[in-house]
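All residue numbers in the sequence shown are consecutive under my numbering, ending with 177.
A quick write-up on the structure given underneath.
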Amino acid sequence: MFQVNDTVMYGNTGVCRIVDIRQEKFAGRTAQYYILKPVDDASTTIHCPTENAQAKIRKLLSPEEVYALIQIMPDMQAEWIESEQQRKEAFNNILKRGDHVELVKLIKALHFKRAEKLQAGRKFYAADEKVMKDAERMLHGELAYVLKIAPEEVVPFIMGELQDVDAAQA
């Protein structure tokens, strides 16, 4: 169980702080709820029932886990699903689960496909662009929070870490 002031990932909303845990009544049913505030949107309040919270809330990666994730990024294989309907369903499931490795693979697959389409003079599907932005927002938001950097600094940080690894291996 999480505690007040814990910082967590909430679904595809992103990084949130638990500001309270209390009984609330919704639709005639009283239950205990985590009261969450997204760290990048203090005007939003989210109520998450504690009884099924593990499906939507997870602890943040540690800095060590972030560095380990960055180290394995180059080896991750990006898969592309040709069927638009199957791709949409699979990508939305990845966003719902919020698994770091799956998010990295998803972002890589979308970046490669977008570059391929643009090089061929074709348009990239708007739905795929939206999924890519959502995945990047989720992953970059968490990594930025954990590393204490701005979200727009995440990609340069990752690239720098990977260059350092390449230099050390040379």
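Even glycine gets a Cβ: it sits at the ideal position worked out from N, Cα and C.
Note that the structure is predicted; figures quoted are calculated from it, not measured.
- Each of VAL26, THR20, GLY21 was checked against the Cα of ASP13, and the nearest Cα belongs to VAL26.
- Look at the beta carbons and you see the segment 96-115 touching the segment 137-154: at least three pairs across the two are nearer than 8 Å.
- Residue pairing of LYS44 in beta bridges, as defined by DSSP: ARG24.
- ILE64 carries a strand assignment under DSSP once its states are collapsed to helix, strand and coil.
- Non-local beta-carbon contacts of PRO81 in its own chain, meaning distances under 7 Å to residues more than five positions away in sequence, involve LEU169 in chain order.
- In the DSSP assignment, GLN39 is bridged to GLN30.
- With a contact defined as Cβ atoms closer than 8 Å, ILE79 and ILE165 miss out at about 12 Å.
- Separation of the CB atoms of TYR40 and CYS55 is rounded to 6 Å, and the pair is thereby assigned contact status at 8 Å.
- The bridge partners DSSP lists for MET16 are VAL22, ARG65.
- When Cβ pairs closer than 8 Å are counted between the two stretches, the segment 86-104 is seen not to touch the segment 43-58, the count staying below three.
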